[in-house]
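Trainee: Below is the structure I would like to discuss, written out as structure tokens.
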Amino acid sequence: MDVQNLAKKILTWPLQLSIQVNNEKYLFAHAMTSAPEHIEDTCFYLMGNEMNAEYLCNGVEGYTSICGHRNTVNYKIWKNEKGNLIMCDCGCGFIDGRLGCLCLETKEEFYV
């Protein structure tokens, strides 16, 4: 697949995806998630808004949110204290960064 066709394909994907694994509900978005019944504008999901303490501490009620976009400290997967917000951008686009992966079934973290 060439780059232009890949870009066209990516533009058809949802801005936020909701899935369930082992009876746990997850929300995925590039930068920030919202409650599924509360639709935000495109920039919210792709760029996030101000990462406020409320979102970082509480995430989205009833879901575990998994996002990237903002590099994590020490290029490690970050979780809030409640465990319902996971930031997984481990800087793989940078020379000293890496790709962070999380197995939803086992919660194991892998780094490449």
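Quick note on the working numbering: the sequence shown kicks off at 2 and runs consecutively. Idealized CB from N, CA, C, for every residue including glycine. Here the structure is a predicted model, which is why all the values come from computation and not from measurement.
#1: Measure from the alpha carbon of N113 to the alpha carbon of each residue in G92, L105, E106 and T107, then state which is nearest.
#2: Between the alpha carbons of L86 and V4, how many angstroms are there, rounded?
#3: Taking CB distances under 8 Å as the criterion, tell me whether G63 reaches chain D.
#4: By a C-beta neighbour count over all protein chains shown, 10 Å radius and 16 as the cutoff for buried, is L47 buried or exposed?
#5: Within the same chain, show all residues whose beta-carbon is closer than 6 Å to that of F29, passing over the 5 residues directly before and after it, in chain order.
#6: Spatial neighbours of R99 within its chain, please: CB distance less than 8 Å, with the 5 preceding and 5 following residues excluded, ordered by chain position.
#7: In three-state DSSP terms, what is N72?
#8: Rank H31, N24, Y27 and V22 by C-alpha distance to the C-alpha of W14 and give the top, closest one.
#9: Per DSSP, V22 forms a beta bridge with which residues?
#10: According to DSSP, simplified to helix, strand and coil, what is T43?
#11: Which class does A36 belong to by DSSP, given the choice of helix, strand or coil?
Mentor: From the atom records:
#1: Per the sequence shown, residue 113 should be read as Val rather than Asn. Checking every option, the nearest Cα to that of V113 belongs to G92.
#2: So the two alpha carbons sit approximately 32 Å from each other.
#3: Looking at the structure shown, chain D is missing, and only one protein chain is on hand.
#4: exposed
#5: Only L18 and I67 meet the Cβ criterion.
#6: Y76, C91, G92, C93, Y112 and V113
#7: strand
#8: H31
#9: E25
#10: helix
#11: coil
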